[in-house]
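Heads up, the sequence shown is in our numbering, so the first residue is 1 and it goes up one at a time.
Beta carbons are placed, not taken as given, at the ideal position from N, Cα and C, and that holds for glycine.
Take a look at the structure set out below.
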Amino acid sequence: MALSDGFADFVAEVFEELGPVSVRRMFGGAGIYADDVMFGLADDDVIYLKTDDALKAELGGAGAQPFLFTPKKGPHAGQPQEMGYWSLPDAALDDRDEAAVWARKALAVARAAKAKKPKSGKRKKT
1 MALSDGFADF VAEVFEELGP VSVRRMFGGA GIYADDVMFG LADDDVIYLK TDDALKAELG
61 GAGAQPFLFT PKKGPHAGQP QEMGYWSLPD AALDDRDEAA VWARKALAVA RAAKAKKPKS
121 GKRKKT
């Protein structure tokens, strides 16, 4: 994963219609957050959005591509794995309103996924 200098600022500009967005560097790329929910990631200067099956189909129809990660170790070493993120369509890079529409959809998917996860914390002893 890699992110060039200045790309984090570009990502924030692309999603300015969405409201406050933060870009947090991680593993050479970056997570894209709104309201403390990660709805996207940036890697190799490409913006990817969190998807479910419906959003994946919509993005694919708009020419988006999946984010693929190739593990170096483990049972899937050397085999590209889809990670549940798809690229922001190229047209949305120049249209802030369109970018916000896609971002809101991805944010809804991310919020739904977060709501399904069990709360972390200490377990009660029985």
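- About 17 Å separates the beta carbon of alanine 112 from that of leucine 18, a gap too long to meet the 8 Å contact definition.
- Only buried fits alanine 110, as 16 or more other CB atoms lie within 10 angstroms of its CB.
- Closest by C-alpha distance to glutamate 16, out of Met26, Leu3, Ile32, is Ile32.
- When C-alpha distances from alanine 103 are compared across Leu3, Val21, Phe67, the shortest belongs to Val21.
- Rounded to the nearest angstrom, the Cβ distance from leucine 93 to phenylalanine 67 is 16 Å, too far for a contact under 8 Å.
- Just so you know, the alpha carbons of aspartate 35 and alanine 106 end up roughly 13 Å apart.
- Where lysine 116 is concerned, the enclosing alpha helix (DSSP H) starts and stops at 96-116.
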